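What follows is a set of notes on a single structure, which appears directly below.
Residue numbers (mature numbering (1 follows the signal peptide of the UniProt record, and there is no 0)): -22 to -1, 1 to 422.
What follows is the structure, encoded as structure tokens:
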């Protein structure tokens, strides 16, 4: 019995010494499993991220970034899904409350606001917060990425308009420069419009946005309204707004539309419009975002055209990256992929590959402008207007657009009748103010 005890004691001593030696070996061996940190294990664990967006033209950039990222992080797979913008917004609205949305979404910060208030979007890490607030973005954009001074969104995509004009048509009309004031728009449109022997319009002078539902039509009106100093709503005290187009700026803008369509007939809702009309040389000039440059390159590569900044101001739309509550344990990986997307050399590729503008101002594009001069007009410093950070603004702009398309642009009796136009704008303003009041944001 004593011999057995001595044997057991001897075996125990051997085991203790062996374990001690193994521990020393493990401590000195960087490749040992025991020395792997928690983060190191995470790096080897397969991670699958999803990103949703409402601009399918960004997909080539997303896909390239996902491929490049995987070279550095073989365990991470990024899946991209893009949808038509309105469908995307509905999908996000359904997915976020149930935590079934993508890990990363690219949203307009005004639309994101209600999801932030519902704790469905995550606060940004300190380093990305510093990127947003450290002077890399215009204040207007940086402010909208925050709620109560906390950064949630990382702005990446910007939409703003410039004047696209057909240089050959301008030269034929004796016009050597693009319009430099909003008052010249109608003057130029009259000189550039072409009609047939029966008086039917064959080529629009300026192609206006006259039809189509949704807030886009309202945004295009707002862009021209801003040249007169107006806006859809105006903040008169913190968080309190009032309609800001029932005034001289609104009247002048509406009158320009009425005169172009009904008085001088330089545009007509029955002919082709927008980028398609410009590319087919059925419009001499129009105002649109930067994606048109790529569209022209693809569909009308021989088109003789140039771009020019809007005379006074610009209305911008933007999209920010957000990490959602669906990410859960993948939140850290999602932010890391956003960091990769926002590296200057990667973010610049978004512009080069898609034509959409960056929301930030710290990127150097001089080399890019040499080969792509049409983009330079988009980088002109201007007064900027942006969607106010009130959740009901999309409803305001959509209803405003519907009323314009149904009545404002179709009623020929508005011609030379400023009192009737004023009454129409006053009625629209009542709708806008009613929505603001219901939401608690009307300045009384």
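Where a beta carbon is used, it is the ideal one built from N, C-alpha and C, also for glycine. All figures in this text were calculated on a predicted structure; none of them were measured in a lab.
query, result
"DSSP three-state assignment for residue 130, whether helix, strand or coil", "coil"
"Spatial distance of residue 136 from residue 176 (CA atoms)", "43 Å"
"Counted within 10 angstroms of its Cβ, other Cβ atoms place residue 347 as buried (16 or more) or exposed", "exposed"
"Per-residue burial, residue 183 [other beta carbons within 10 Å of its own, 16 or more giving buried]", "buried"
"Residue 242 - containing alpha helix (DSSP H), residue span", "Unbroken run through residue 242: none, as it is neither H nor E."
"Buried versus exposed, by CB contacts within 10 Å (16 or more), residue 257", "buried"
"Sub-8 Å separation of residue 166 and residue 318 beta-carbons", "no"
"Cβ-based burial, residue 157 [other Cβ within 10 Å; buried from 16]", "buried"
"Residue 401 burial status per 10 Å Cβ neighbour count (16 or more: buried)", "exposed"
"Strand pairing of residue 54, partner residues [DSSP]", "25"
"Exposure label - residue 144; buried when at least 16 CB within 10 Å", "buried"
"Cα-Cα separation, residue 194 to residue 293", "11 Å"
"Buried or exposed by the 16-neighbour rule on C-beta atoms within 10 Å, applied to residue 217", "exposed"
"Per DSSP, the bridge partner or partners of residue 179", "173"
"Spatial distance of residue 410 from residue 220 (CA atoms)", "8 Å"
"Proximal residues to residue 92 (C-beta, below 6 Å), its chain only, five neighbours per side dropped", "369"
"Pairwise C-alpha distance: residue 340 and residue 198", "28 Å"
"Residue 39 beta carbon less than 8 Å from that of residue 332", "yes"
"Opposing strand residues paired with residue 144 [DSSP bridges]", "283"
"CB of residue 365 within 8 Å of CB of residue 126, strictly", "no"
"Residue 369 - partner residues in DSSP beta bridges", "None; residue 369 has no bridge partner."
"Beta-carbon spacing of residue 151, residue 179 below 8 Å", "no"
"Nearest candidate by alpha-carbon position, reference residue 328, set 405, 133, 394", "133"
"As assigned by DSSP and simplified to three states, the class of residue 338", "coil"
"C-beta contact flag for residue 214 and residue 355 at 8 Å", "no"
"Proximity below 8 Å, CB of residue 188 to CB of residue 251", "yes"
"Residue 298 (DSSP reduced to helix, strand or coil)", "strand"
"Continuous beta strand (DSSP E) stretch holding residue 219: start and end", "218 to 221"
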